[in-house]
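According to UniProt numbering, the residues represented by the sequence shown are 1 to 489, in order.
Worksheet: the structure to be examined is printed underneath.
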Amino acid sequence: MVSLNFQTPDLPMQLNQGKFEYNGNCGYLLKPDFMRRSDRSFDPFAESPVDGVIAAQCSVQVIAGQFLSDKKVGTYVEVDMYGLPTDTIRREFRTRMVPSNGLNPVYNEEPFLFRKVVLPDLAVLRFGVYEENGKLLGQRILPLDGLQAGYRHISLRTEANFPMSLPMLFCNIELKIYVPDGFEDFMAALSDPRAFISAQEKRNQQLKAMGIEETDIKDPLLGVDGNSTAGAGGKKGSKTGGAKGAAAGAKVEEEKKEDLKFESITAESLRAEKGFQKIARKQQKELDTMKKRQLKEQLTMQKQQCTAIEKLIKGKNKSDLVSDPTVRKLVVEQTVQWSDMVERHRKEEWELVRQHLTDQQDILKRLMETSHAAQMKQLEAKHDREMKEMNSRQAKISVETMREVANDKTLRTKGDRDRRMKEKKQNNTKKFTDERRFAQKKNDREIEKLKSKHDKEMETLIKDVQNQIELNNNEELEHQLAPKMEFFA
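Right, dumping it as structure tokens:
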């Protein structure tokens with residue numbers, strides 16, 4: 001960072017000189033580490049903490065002033081912060097007016113809390129002392145990264161940043177690490193483990209006295225139940241009701257949900273359906289009709305062959321029939337006729353069975369596709385229902401957050417309330433986005449899993465039908481390899 005050459009002793013010049021005062025006004029400062037690294041991108045308009053930079057919290061209590069003016073005028077003090085756009089807070093923190101006392105006014109104000117400073121390395125505090133008519137009596141710019149906590153006398157400067165000998169402010173400054181909402185008890189346990197363990201043991205003893213076991217109650221530090229217990233040092237944790245309780249309850253409710261289980265679809269289950277049974281009865285009727293027709297044809301040929309044999313052997317001796325060439329020729333002809341008819345009947349039956357199996361395969365595939373579509377529709381309906389429930393829950397959390405911020409008595413100014421509301425909304429937005437992204441990934445995994453299951457079921461079904469067709473083909477092949485001559489005796 002390089003200092004600029006301002007020509008007018010105004011606020012930008014005061015900020016510039018205050019920032020570069022502690023390096024001897026050489027005009028150069030080393031950038032923070034994350035701004036020097038090529039693998040990091042710096043967004044000056046970011047409102048969330050920067051990776052690798054710990055956000056700070058600053059509290060300033062203006063107690064009194066000394067030698068502010070040699071006149072009997074009313075004075076007040078303004079405390080502002082300048083830095084990133086999200087860290088800049090102006091004209092919000094102002095002490096009360098102390099009338100007719102410019103020598104040693106006592107303000108004794110409540111601490112001014114700068115709750116979250118995203119980038120402390122670039123933030124500065126500005127103290128401005130004004131007369132009752134708005135005239136600047138003195139000011140001081142202090143970089144936050146060089147600020148010392150505790151009770152401090154802060155000497156003032158003129159508008160042109162020249163030191164003033166006597167005027168100063170007496171303040172109490174507190175510097176802390178910014179702790180997001182919901183982690184106060186956790187930080188208290190880390191900062192003072194013995195006090196936290198002592199409080200936990202005391203709590204366990206009280207629970208045992210009431211006949212309640214520790215295992216029956218979930219740990220409040222995990223954020224499951226909406227209320228915090230006593231933290232380290234016996235101090236009650238901050239309020240975690242409202243939006244936090246709703247979010248925790250929703251998380252527990254979501255964990256209790258079980259995945260939707262679908263029954264496996266097999267060829268046997270599909271053959272038991274009405275649609276397939278109707279086709280199967282129709283095919284069986286066709287097969288029975290064909291067999292009746294074939295049987296009738298066999299009976300007719302049988303009758304004709306018997307009549308022909310009876311006519312031929314009528315009036316002849318049995319001993320002569322064995323060597324009779326006419327009888328031998330007739331038997332051979334009848335055997336060929338009978339064998340051809342039986343062979344034709346078998347081919348007709350095999351062709352019909354093969355056609356039936358092919359039709360069954362198409363029907364079973366169509367039934368399985370319908371069942372798969374129904375399961376997929378059921379899964380999508382479950383996902384839509386869960387998304388609606390999640391949206392409703394998130395809307396409820398947003399309303400609870402707004403109500404919680406509106407009822408927070410610690411927020412004294414409209415700007416502080418607006419910043420807290422904005423921060424809460426950003427946190428909720430990030431959390432809601434993560435929840436929706438996680439839910440979408442979970443839904444995609446369930447859909448892919450169901451699709452894979454459907455593909456395996458379809459593959460098994462086709463394999464089952466192909467096995468039946470293969471059995472029919474093998475039976476036909478075995479018959480072709482066997483002797484083909486048949487006759488009716």
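No residue lacks a Cβ here, since even glycine has one placed at the ideal position from N, Cα and C.
{"Item": "C-alpha distance - residue 293 paired with residue 276, whole-angstrom precision", "Value": "26 Å"}
{"Item": "Cutoff 7 Å; reference residue 497; Cβ partners in own chain excluding five residues on either side", "Value": "Since the displayed the chain opens at 1 and closes at 489, residue 497 lies outside it and no answer follows."}
{"Item": "Chain-order list of residues whose beta-carbon lies under 6 Å from that of residue 209 (same chain, five-residue window excluded)", "Value": "none"}
{"Item": "Distance, residue 341 Cα to residue 347 Cα", "Value": "10 Å"}
{"Item": "Beta-carbon gap between residue 175 and residue 195 smaller than 8 Å", "Value": "no"}
{"Item": "At least three beta-carbon pairs within less than 8 Å, the stretch 108 to 115 to the stretch 48 to 66", "Value": "yes"}
{"Item": "CA-to-CA distance, residue 41 to residue 455, given in whole angstroms", "Value": "46 Å"}
{"Item": "Sub-8 Å separation of residue 491 and residue 356 beta-carbons", "Value": "This structure cannot settle anything about residue 491, because the visible part of the chain is limited to 1 through 489."}
{"Item": "Reference residue 422; option with closest CA among 437, 435, 406", "Value": "406"}
{"Item": "Contact between the stretch 386 to 402 and the stretch 79 to 99 (3+ Cβ pairs under 8 Å)", "Value": "no"}
{"Item": "Cα-Cα separation, residue 403 to residue 187", "Value": "26 Å"}
{"Item": "Rounded separation between residue 366 and residue 273 - CA only", "Value": "12 Å"}
{"Item": "Where residue 8 falls: helix, strand or coil (DSSP)", "Value": "coil"}
{"Item": "Closest residue to residue 16 among 88, 52, 143 (Cα-Cα distance)", "Value": "143"}
{"Item": "Bridge partner(s) assigned by DSSP for residue 80", "Value": "126"}
{"Item": "The stretch 443 to 451 touching the stretch 133 to 147, judged by at least three CB pairs closer than 8 Å", "Value": "no"}
{"Item": "7 Å Cβ shell around residue 222 - same chain, five flanking residues per side excluded", "Value": "With a pLDDT of 44 at residue 222, under the threshold of 50, the modelled position of this residue cannot be trusted, and the question is left open."}
{"Item": "Span of the alpha helix (DSSP H) around residue 275", "Value": "274 to 313"}
{"Item": "Sheet register partners of residue 131 (DSSP bridge)", "Value": "75"}
{"Item": "When 70, 354, 146 are compared against residue 474, the one with the closest alpha-carbon", "Value": "354"}
{"Item": "Candidates 438, 298, 97: closest to residue 77 by CA position", "Value": "97"}
{"Item": "Residue range of the unbroken beta strand (DSSP E) whose run includes residue 142", "Value": "136 to 143"}
{"Item": "Contact check, residue 424 vs residue 401, beta carbons under 8 Å", "Value": "yes"}
{"Item": "Simplified DSSP state of residue 470, which is helix, strand or coil", "Value": "helix"}
{"Item": "Span of the alpha helix (DSSP H) around residue 375", "Value": "325 to 406"}
{"Item": "Cβ neighbours of residue 468 in the same chain (closer than 7 Å, five flanking residues each side left out)", "Value": "357"}
{"Item": "First through last residue of the alpha helix (DSSP H) which encompasses residue 193", "Value": "193 to 209"}
{"Item": "DSSP beta-bridge partners of residue 170", "Value": "64, 153"}
{"Item": "DSSP-derived helix/strand/coil call for residue 260", "Value": "coil"}
{"Item": "Cα-Cα separation between residue 70 and residue 119, rounded to whole angstroms", "Value": "39 Å"}
{"Item": "Cα-Cα separation between residue 153 and residue 173, rounded to whole angstroms", "Value": "10 Å"}
{"Item": "Exposed unless 16 or more other CB atoms sit within 10 angstroms - verdict on residue 75", "Value": "buried"}
{"Item": "Beta-ladder partner(s) of residue 57, from DSSP", "Value": "176"}
{"Item": "Simplified DSSP assignment, three categories, for residue 69", "Value": "coil"}
{"Item": "Other residues of its chain near residue 296: CB distance less than 7 Å, five sequence neighbours each side excluded", "Value": "none"}
{"Item": "One or two residues paired with residue 106 in a DSSP bridge", "Value": "64"}
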